[in-house]
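The next block holds one structure in the form of structure tokens; read it before the comments.
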Amino acid sequence: MKRTWMLTAAMSAMLAIVLGGCKAKQQGKEPAMPGMAGKETPKATPPPRLDTPVEPPLVGRDSLDSTDAKVAGLFPRTGQVGKWVKGHQVTLHAPDDLEKMVDKEAPGYRAAGVDWAADMMYQLDKDESKQAFVQLFHCAKAKDAYSLLTVNSAQPCKFKFGGGTEARGNAPDSADQIFVWKGEYLLCVWTAKIQPDSVTDAMQQLASAIVAKLPAATGGKGDLVTALPARGEKESAVRYYLGRHWLAAYNSALDQETRLESDDEMVVAEYEIAKERPPVVVFVARYGSPEKAVDAAKRLTTAQNDANTAFQLSLLVGGVKGRCVFGTLTADEYGLMEKTAGSDSGEMPVMPTLKDRLP
-11 MKRTWMLTAA
-1 MSAMLAIVLG
9 GCKAKQQGKE
19 PAMPGMAGKE
29 TPKATPPPRL
39 DTPVEPPLVG
49 RDSLDSTDAK
59 VAGLFPRTGQ
69 VGKWVKGHQV
79 TLHAPDDLEK
89 MVDKEAPGYR
99 AAGVDWAADM
109 MYQLDKDESK
119 QAFVQLFHCA
129 KAKDAYSLLT
139 VNSAQPCKFK
149 FGGGTEARGN
159 APDSADQIFV
169 WKGEYLLCVW
179 TAKIQPDSVT
189 DAMQQLASAI
199 VAKLPAATGG
209 KGDLVTALPA
219 RGEKESAVRY
229 YLGRHWLAAY
239 NSALDQETRL
249 ESDDEMVVAE
259 YEIAKERPPV
269 VVFVARYGSP
279 EKAVDAAKRL
289 TTAQNDANTA
299 FQLSLLVGGV
309 KGRCVFGTLT
319 ADEYGLMEKT
329 AGSDSGEMPV
339 MPTLKDRLP
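Quick note: the sequence shown, position 229, residue 217 per this note's numbering, numbers continuous.
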């Protein structure tokens, strides 16, 4: 009798569980699993869609790249451009850390308004003799980045990188270099030694891939640069100086007499006016005030008339306009000069259209 009672009780319990499950389903609920009362039933993870792209895991140097939003996604990973392999990870640098990138030139980059920079190194097909070093500088203003382009190179580049950019290259018989300006960015891709055309072509592909990912330019070269007249059969070679950091390396005598300060700027342009003749060179310095421009013109005129100066017969002051003083460093090229007709002032404008175009 006791055994029959136990069997009946067990069957009653099982029937209660079944009926409870049916009632839960009728009410739109799933019956609770044993031990899960009051808890949500775990949902199965759906399988991934076959058309969803899956990023490959980062390996090697790519896995060590800076993840800062400023540089994320700007630089190709290993194998994304030709046979370039990342030989050194992307490293981000603050302004006070630029010595690690450009050594003693760091003050000039800071003066040009660089607010961050990044560098890395690639190898072509894992060949250590075919290395390309990549540096990217970001400035607060586009004209500041353009200044860095011009002080790094005045040589034209055989490669083109599309609208809104300007590219310059290396001097003959020197290591291969590509400099590209785009808005607030300056990209430098260079090698430590002269490379065959196959490597320089691959460098162009690498540079193009990076330039394409840079934001569109939001600023220009600056009004002092755009004021330069377009003359000559070839495009003029322009150097744009912010302060005096790089000016002494170009012309120490000009640096000594102009005495640019941190808020001053200068453009120097070379024009090929005639074949088989050296280019003519003009300069415009803009100061913080008209008074400073007048003082600079006086110093330059004194140096112009002093046979013992380093300028000898090359300097000729064209005049002063507002905060600008302008002139030429190739006064012996007579075709550059035109004396003002009917003027007793003795003013000798350099490329007369320049004065009218100055801001």
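For glycine and all other residues, C-beta sits at the position ideal for the given N, C-alpha and C.
It should be emphasised that the depicted structure is a prediction, and the values quoted were computed from it without experimental measurement.
Under the 8 Å Cβ criterion, the stretch 244 to 256 counts as touching the stretch 224 to 234, having at least three qualifying pairs. With distances taken between CA atoms, residue 102 lies nearest to 94 out of 156, 94, 344. A check of alpha carbon separations from residue 164 across 131, 125, 150, 118 identifies 118 as the nearest. Three or more Cβ pairs drawn from the stretch 120 to 130 and the stretch 174 to 187 lie within less than 8 Å of each other, which places the two stretches in contact. Comparing alpha carbon positions, the residue from 143, 144, 183, 200 closest to residue 171 is 200. DSSP places residue 51 outside any beta strand (DSSP E), giving it a letter other than H or E. Put simply, the stretch 137 to 152 does not touch the stretch 269 to 280. Fewer than three CB pairs are less than 8 Å apart. By the neighbour-count criterion, in which 16 or more other beta carbons inside 10 Å mark a residue as buried, residue 183 falls on the buried side. When DSSP reads this structure, residue 144 sits in a beta bridge with 156. For residue 135, the number of other beta carbons within 10 angstroms of its own is at least 16, and it is reported as buried.
The alpha-carbon separation between residue 131 and residue 210 amounts to approximately 5 Å. Leaving aside the five residues that flank residue 213 on each side, the residues in its chain whose CB is nearer than 8 Å to its CB run, in chain order, 131, 134, 226, 228, 255. Between residue 112 and residue 77, the beta carbon gap of about 17 Å keeps them out of contact (Cβ cut-off 8 Å). Remark: C-beta atoms of residue 166 and residue 205 do not approach each other more closely than 8 Å. The alpha-carbon of residue 319 is positioned some 30 Å away from that of residue 96. Residue pairing by DSSP places residue 258 opposite 225, 269 in a beta bridge.
Residue burial annotation: residue 246 is buried, with at least 16 other C-beta atoms found within 10 angstroms of its C-beta. Taking C-alpha positions only, residue 169 is separated from residue 68 by approximately 23 Å. Contact check for residue 59 and residue 114: beta-carbon distance about 24 Å, past the 8 Å limit, so the pair fails to qualify.
Residue 126 is bridged by DSSP to 104, 173. In the three-state scheme derived from DSSP, where H, G and I count as helix and E and B as strand, residue 183 is classed as coil. Here residue 150 carries a coil assignment [DSSP, helix/strand/coil]. Leaving aside the five residues that flank residue 65 on each side, the residues in its chain whose CB is nearer than 6 Å to its CB run, in chain order, 50. Burial check for residue 57: the Cβ neighbour count within 10 Å stays below 16, so the residue is exposed. Annotated as proximal: residue 313 and residue 288, with beta-carbon spacing under 8 Å.
The C-alpha of residue 197 is placed about 12 Å away from the C-alpha of residue 150.
Taking a 10 Å sphere around the C-beta of residue 293, we find fewer than 16 other C-beta atoms and assign the residue as exposed. A Cβ-Cβ distance of about 12 Å is found for the pair residue 145 and residue 159, leaving them out of contact under the 8 Å criterion. Taking C-alpha positions only, residue 283 is separated from residue 291 by approximately 13 Å. In the DSSP assignment, the residues bridged to residue 109 are 76, 121. Counting of Cβ neighbours within 10 angstroms places residue 188 among the buried residues, the total reaching 16 or more.
For residue 100, the closest alpha carbon among the candidates 116, 83, 202, 217 is that of 83.
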